[in-house]
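The structure appears right after this line, and notes come after that.
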């Protein structure tokens, strides 16, 4: 879950009820990666079209979410 301020209400709902259904707004554009920047030998910083660009995605994590990616 994003630590951003705009996700605070969702985090609070999940703390009370972990089975909270997360919905998306139909008015939002589909999420797209705009750029990717290497961070050392261990991660990638991805800038998304919704403005988020502060997360680091380790190669280990990326492989876990898509095991078809070659190491």
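Residue numbers (the working numbering): 7 to 77.
Glycine residues also receive a C-beta, built at the ideal position from the N, C-alpha and C atoms.
Remember, it's a predicted structure, so these values are computed and weren't measured experimentally.
query	result
Three-way DSSP call (helix, strand, coil) for residue 22 in this model	helix
Of the listed residues 15, 57 and 61, nearest to residue 37 (C-alpha basis)	57
Boundaries (first-last residue) of the alpha helix (DSSP H) holding residue 37	From DSSP, residue 37 is part of no alpha helix (DSSP H); its letter is neither H nor E.
Residues that DSSP places opposite residue 70 in a beta bridge	DSSP output for residue 70 lists no bridge partner at all.
Simplified DSSP state of residue 52, which is helix, strand or coil	strand
Cα-Cα separation between residue 35 and residue 54, rounded to whole angstroms	11 Å
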